[in-house]
Each structure stands twice: as structure tokens, then as C-alpha cells.
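From first to last, the protein sequence lines are chains W and F.
Note that the first sequence covers residues 10 to 569 in our numbering.
Note that the second sequence covers residues 9 to 157 in our numbering.
Positions of the beta carbon are idealized from the N, C-alpha and C atoms, including for glycine.
Data first, discussion second: the structure below is written as C-alpha cells.
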Amino acid sequence: MTKQAVQLSLPGFEQAHGGWRTEYSRQIGADRAIKNRSGVEIKPLYTPRDWNGDGFLENLGFPGQYPYTRGIYPTMHRGCTWTQRQLIGLGTPEDYNKRVRTILDAGATAISLIPCNSVFRGNDCNEVDLPLLGTCGTVVNTADHMDRALDSVPLGNISTAMNDPSPFTLLAFLLAVAKRRGIPWTSITGTSNQSDYISHFIANHMFFRLSLPGARRVLLDHIEFCRTYVPGWNPVSVVGQHMQQAGATPVETMAFTISTALQYAQDCIDRGMDIDHVLRRFTFFFDISISFFEEVAKFRAGRRIWARLARERLGAKDPGSWRFKFHGQTSGVDLTVQQPMNNVARVAVQAMAGIMSGLQSLHTDAYDEAITTPTEETARIAVATQNILREEAHLCDVIDPLGGSYYVETLTDQMEEEMMALIGKVDDAGGMYKAAEAGLIQAMIGQSALAFQEKVETGEEKVIGVNCYQADNVAYAAPPTERPDVERMQQHVASFTAYKAERSQTDVRRALDALKRAANSERDNIYGRIVEAAEVGITHGEIVSLLREELGFGHPLVVV
Amino acid sequence: MTATGLNPPARVLVTKIGLDGHDRGSRIVAAYLRDAGMEVIYTPPWQSIPAVVKLVLEEDVDVVGISSLATDHLIVPKLADALRTAGLGHVGLIVGGIVPDDECPALQQAGVSAIFGPGSPRDEIIAHVAALAAKVRDVKNAEFREIAQ
């Protein structure tokens, strides 16, 4: 894709430019064509001929002003730095609690909870192989477990991200705990950061628990419930991360994520909700790859597209609805098992791209991300990386520091154009829900994944320690692997089994019956019943299996 | 690209057991083996061990490839046991994905012939699977001759 050259009236420009071009060609010899991961051709030099500030107010403007290309708030990181939100999850609720308190003592103001893979699959701990429990997240199956996991954590004063796909049992457990402790739900803040069921159907198959129509209904009920009872909670996080991890290019990722957000917004409108009430609580969650400038352009273009579509297409009137709030996670896909310490450098570059793009919240991967769940030591280095970038590198001093770069502005425009073309393609397919249902998106992402892998195999895309500089591989020791204590996990399972047997079976039956009735009645709010069930001690596995029974089992569409 | 040289072509099951769903790697490796002329049976993640044993039997599989990105390799020895119990101990077993160094020996002892990681070259994977499939086919053919006699 080439962009129309702009007309310039700079005296002497043509002559100087021509002189450079001649000299460049002479010295470089046969120049190689370079395309970024999204397929945009990258030139050796950008000048005012590519971008000269035309349409400044309309396309860039000022931070905190529509269309927010330069940032969604007037002060950005100079006023308030990004939230350091490290993902945590391991072992038993007690193990998690120990880690989370260490982090809070170190000054963290936000926490997150990653549940065990068994939870993602909708199982309770007594239903899966013991060696797998707690290796990748915390085993939380009940409100009691959540209470122990969050022991001494001041729930009303801390923002909590729950890695909690539909039907959002972890938030239900959290609300049950808040009620027990006398903390009003109106003071609970945080995000359901795995609420994007379409992204799970397409790319993160592990999180896909309910059928597409079932998940669609539960999300809308969840949004309505939170709006009424937990107004400080963000019920929707639209996740580009899974798609990029699965191989989507940065352009595809942003386009498909925005198409997904449009779908959810439209579903809310169709339900009769006020679009401004809903959109103000929309958040986004992205991967940040090491393709530095491409990532910066991705986020800047995404911010502009979202503002325009939210205002013009969805008719939102509140500026809060136009602001594209996003959390970024440095991409694990770029990290290598080979020479793992090198990942510290990679994560720093990825984090810089995210920070210079004006993100609101950041998770930096530990250097052992490609190998195992982080140990305390590797997690500390990941947090320190953020501190170094903030305090020593002075990345917070200037808002949108790359804005106005001929290259970055040109790339932002070009990538925006490509994103809009893809968003149009999804529109033509009937919107994101239908496009995903038909496998259209999965096929495109699969193609991109294979194409990228081929570039790595041929050496066109260099990865240190993988296809070049392999001689150094031996010099690095593998980081240590930490696995949960098997005996403690066994006790956790045993106490869970005993707990289930000791509950009032009448209460259990009553709560499950109410949930079943809600599932079969369009007028009832299913999420309200899930929260009630959590309060009387119903387990995660019981809730998910009942809903799978009533609303359909979630089989993701796997396209090879 | 290496062809397996087998007739009928090598039959390879590419699957994931346990709880994890990261399947970018398994999809790419499945495509590699298919493009190398093998017959690939591909499943979605989260297969149970009995389901894998059943597939191996019904699909006359030569090599089982387990993709593990998040600790599911810890139950591969259990799968190997189940295959042996079902009389399928001769079927080839390989693992791909993320297996920390200190957890490799347990898999090798269970009969896993190769553990591929990120960066394993395509040709190396194909060559190993082809050789393994040929070996398994020899065992199967010998068994068949024995029965035929």
C-alpha cells in the first residue's frame, strides 16, 4: 500500500531530497524490501512529503481531545502513570494470598487473579489430574476459596482484575466475599478482563466454556447486573491479545478487536441499554509485540478509529464513551526458551512501545514466561523493568513522544486505513459474531500465523537464539521450575470434597433450581442468580456444568 | 521436504491432553506433517487419555504427537501407561512445546522418543516422525505376518 505524497512548498526540499536519494542508492546497492508484520511496506526514510501535519486538529488534536490519537487524557502519564498490574496466579488460595500480600506490601495498587487451567475448563479441583492443579493459576472453586485467597486484602480500596471468562464465577465469589465482610458492592472496582467470549471462540479456546448464543446472553446479563449493582466494575474487556498470540498481525488484531467491541455495543443497544452507560465501562486488552513502531502505530490508530466509530456509528454522546482505555501485556510469543535471560531485554522494548503508546495499565512478562509460571525472583525483575522505564528512562515526561514523527504518523495513517478495510470486511460478513461463527476470522489468523512461522524458518524474520546467534545457547542456564506443593494441593482437594458433602443440600438444590429457571427465562437476569448461588456455597464446577447443560457446551471452532 | 516413503502414508495423531488450550503450535506442526505427505488426524485440545487411546486404536495411528504448552506434559507418562495397557505400546510417542529441562527425563523414561521445543526445525521434526513411523510400521507388519501365518 502506498500513500499519496503530499504537496510541499519547502524551498530547496526537492533538490536536497533528490541528493539524498542518489547517495542512498549508490551506497546501499541492491536495497531489500522491508514489510512490517502487518504487511505494510517500510521505506528507509520518511519526510514531510509523507506527513506534513495537514489535518492536525482533525486527525491528531491534543491529548484528552477527540479523536484521542495522542492519548485519552489531558495529562496522560505525566499526571498519573499507568497501573502496574502484574498477573498472578498459582497453587492453592493460601499460596496466592502469600504472593499477593508481598506485592501489596511492595506498593502495588491493583491486583489480578489468574485461576488454574482446571477452572478455565469449568472443572472443580476434585475432577482433574492432581499433577495439573495449580501449575498455571490458583485453584479457586468457591466463595470460601476466594475469601482465603483475598485474606487481608482491602477489597473496597483496591482494583481487582479477574481473569474470569463467562459465566464470571470469580466475580460472583468476590462479591459474596465482599458481602460477608460488609463491604458495599458500590465500592468494588476492577475488570472482568476475560469477558470477550468471541475472542475465546476464535483464539483462546481454553477459556471458551458456554455455547456462542449462551455466552452472548450471559455477557449481556453480566453487563446489566454490574451496571446496576457494581457500578465501579468494568464488565467488558475486549481482548485483542488472544488473537495476536494466535498469530494475527497487529493490523488484524486491532481491526478484529474493534469489530468485536462494535458487536458487543450493538448487542447492548438491541437490548435497550443506553449506549453511553455501557461504553464508558468498555476496556481493551492487548498484546504488545517487539515490532516497536508498528505497535505504537497500532495503538494510536486504534484509539482514533474507536473514538470515531463510537461517536459516529454507535451514536455515543459522552466523551467517556469515545476513550479507548487499554491494558497492555508484553507478548509472550516473542520470548524465547533459548537464552532466556535475553527476554529481559525484549520485555523492556515491548513495554516501551506500550508506554509510548499511552497505555492505561501494563503487565510485563517475567523472563521465564516462555518456560514456566514466574518465580518470585523473575516476577520481581518484571516489576523492576517497569520501575526503571518510569523512573530512570523518563518515559513519562512527555505525552505521545513519538507523535509528529514523519514515520510514526505515516504508519499510523497507513495501518488505520488497513484496519478500516478489515472492519469493513467483517461488517460485510454480518458483524463479528457471524464472522467468527463462520470461521472467517480463524482462517485469516491461521494464515498469518503460518506465514510468520515460515519467515522465522527461512530466517527472513530473525529471532536471536532461534534462527541466529545459536552458538550462545549453551551459555545460559534454564530458569528454575516451581511446581505447587503436591501434599498441600492434596489437602486442598480433600477439604473441598468434605466441604461439598457438608453443605445444606436443600440450599444447594434451591440455588441450582433458581439458576436453571433463570437460564430458561429470557426475563430473568442469569448473572444475578449466579451471584446468589455463589453466596450460598455453590461451586464453580456446579455453576458451569448447569449452564452448559441449559445453554449449550462451548465448542470453539478450530480451523487448521 | 521429506516424504515418509511409507505406503500407505504414516498416520500421525496431533493432539493435546489435559487442561491447556494453546494450539498455535499444534496447528502449525499438523500443517507441516500434512504438507510432508503424512496423514494427520487433528483434534481440538483437552482430549481425555481414554479418548486418545480410542483414537489411536480406531485410526490405526503410527505416531502420537502431544502438544503441551502449560504443564500438561506432566500426565504424558499416564498416557504412555494407558497405551501400553491397551496393547498399543509399540505406537510412537513424541511431545512438542514447553517442557522444562528437569522434567524431560520422566517423559523419556515413559517412552517418549523426542521432545521438540520452540525453534526445533521443521525438517528435524518431519525426519524424526517419518523414521519413527517407519519403525512402528515394521512392528505392525511383523505382528500382522505372525497372525497371518
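- request: Can you give me the Cβ contacts of isoleucine 408 (chain W) inside the same chain, cut-off strictly under 8 Å, excluding the 5 residues immediately before and after it?
  value: Same-chain partners within the cutoff: Pro72, Arg79, Gly80, Thr84, Met85, His86, Arg87 and Gly367.
field: Under 7 Å by beta carbon: chain F residues contacting proline 140 (chain W)
entry: Leu82 and Ile83
task: Alpha carbon to alpha carbon, how far is valine 69 (chain F) from asparagine 243 (chain W)? Give it in angstroms, no decimals.
output: Rounded to whole angstroms, the separation of the alpha carbons of valine 69 (chain F) and asparagine 243 (chain W) is 48 Å.
query: What residues in the stretch 458 to 473 of chain W bring their beta carbon closer than 7 Å to a beta carbon of chain F?
result: Listed in sequence order: Ala458, Leu459, Gln462 and Glu466.
task: Give the single residue among F:Ala141, F:Ser128 and F:Gly26 whose Cα lies nearest to the Cα of proline 58 (chain F).
output: For proline 58 (chain F), the nearest C-alpha among the options comes from F:Gly26.
query: With respect to the alpha helix (DSSP H) encompassing phenylalanine 182 (chain W), which residues constitute its N-terminal and C-terminal limits?
result: 178 to 189 is the extent of the alpha helix (DSSP H) around phenylalanine 182 (chain W).
- prompt: Skipping 5 residues on each side, what residues in its chain have a beta carbon closer than 6 Å to that of glycine 561 (chain W)?
  reply: Ser220 and Gly223
query: If you compare alpha carbons, which of W:Glu531, W:Arg157, W:Lys307 and W:Asp205 is closest to glycine 363 (chain W)?
result: W:Lys307
- prompt: Around the C-beta of threonine 11 (chain W), are 16 or more other C-beta atoms found within 10 angstroms, so that it is buried, or is it exposed?
  reply: Low per-residue confidence applies at threonine 11 (chain W): pLDDT is 49, beneath 50, and the placement is therefore not dependable enough to give any value.
query: DSSP three-state call for tryptophan 1 (chain W): helix, strand or coil?
result: Missing from the structure shown is residue 1 (chain W); chain W here goes from 10 to 569 and no further.
Contact residues within the stretch 141 to 173 of chain W, judged by C-beta distance below 8 Å to chain F: Leu141, Thr144 and Cys145
task: Take glutamate 463 (chain W) and list the residues in its own chain whose beta-carbon comes closer than 6 Å to its own, dropping the five residues that flank it on each side.
output: none
message: Using only the alpha-carbon positions, how far apart do leucine 420 (chain W) and threonine 258 (chain W) sit?
response: 15 Å
- request: Find the residues of chain F that neighbour isoleucine 380 (chain W), judging by a C-beta separation of less than 7 Å, and give them in chain order.
  value: Ile106 and Pro108
task: Indicate whether at least one CB of chain W lies closer than 8 Å to the CB of threonine 79 (chain F).
output: Judged by the 8 Å Cβ criterion, threonine 79 (chain F) is in contact with chain W.
message: Going by DSSP in three states, cysteine 89 (chain W) sits in which element: helix, strand or coil?
response: Three-state result, cysteine 89 (chain W): coil.
- request: Closer than 8 Å by beta-carbon distance: list the chain W residues that pair up with proline 52 (chain F), in chain order.
  value: His214, His564, Pro565 and Val567
message: One question on the structure: do glutamate 527 (chain W) and threonine 178 (chain W) come within less than 8 Å of each other, judged by their Cβ atoms?
response: It is worth fixing the name first, because residue 527 (chain W) is alanine in this sequence and not glutamate. It is not a contact, given that the beta carbons lie outside the stated cut-off.
query: With distances taken between CB atoms, is the gap from glutamine 359 (chain W) to isoleucine 454 (chain W) smaller than 8 Å?
result: no
message: Less than 8 Å between the C-beta atoms of threonine 101 (chain W) and valine 148 (chain W), yes or no?
response: yes
- prompt: Nearest to alanine 118 (chain F) by CA position, among F:Gly105, F:Asn149, F:Pro108 and F:Ala90, is which residue?
  reply: F:Ala90
- prompt: CA-CA distance, valine 465 (chain W) and leucine 555 (chain W)?
  reply: 45 Å
field: Inter-residue Cα distance where the pair is valine 147 (chain F) and arginine 35 (chain F)
entry: 29 Å
- request: Return the CA-CA distance between glutamate 2 (chain W) and alanine 114 (chain F), expressed in angstroms with no decimal places.
  value: Residue 2 (chain W) is absent from the model: chain W starts at 10 and stops at 569.
- prompt: Is the stretch 200 to 220 of chain W close to the stretch 229 to 248 of chain W, with three or more CB pairs under 8 Å?
  reply: yes
- prompt: Exposed or buried, glycine 104 (chain F), counting other C-beta atoms within 10 Å across all chains shown (16 or more means buried)?
  reply: buried
query: Do you know how far the Cα of cysteine 145 (chain W) is from the Cα of isoleucine 123 (chain W)?
result: 8 Å
- request: Give the secondary structure of cysteine 112 (chain F) by DSSP, where H, G and I count as helix, E and B as strand, and everything else as coil.
  value: helix
query: Are isoleucine 547 (chain W) and aspartate 230 (chain W) closer than 8 Å when you measure CB to CB?
result: no
8 Å contact criterion, which leucine 21 (chain F) and leucine 65 (chain F) should meet: CB distance rounded: About 11 Å separates the beta carbons of leucine 21 (chain F) and leucine 65 (chain F), which is beyond the 8 Å limit, so they are not a contact pair.
field: Cβ-based burial, proline 163 (chain W) [other Cβ within 10 Å; buried from 16]
entry: exposed
message: Please report the distance separating the alpha-carbon of phenylalanine 301 (chain W) from that of alanine 170 (chain W).
response: The alpha-carbon separation between phenylalanine 301 (chain W) and alanine 170 (chain W) amounts to approximately 27 Å.
message: I need the boundaries of the beta strand (DSSP E) containing alanine 119 (chain W), first residue and last residue.
response: Run containing alanine 119 (chain W): 119 to 122, per the beta strand (DSSP E) assignment.
- prompt: glutamate 111 (chain F) versus chain W: which residues are under 8 Å apart at the beta carbon?
  reply: Thr490
query: In angstroms, rounded to a whole number, what distance separates the CA positions of serine 18 (chain W) and glutamine 24 (chain W)?
result: 12 Å
- prompt: Is glutamine 55 (chain F) helix, strand or coil when you go by DSSP?
  reply: In this structure, glutamine 55 (chain F) counts as strand in the three-state DSSP scheme.
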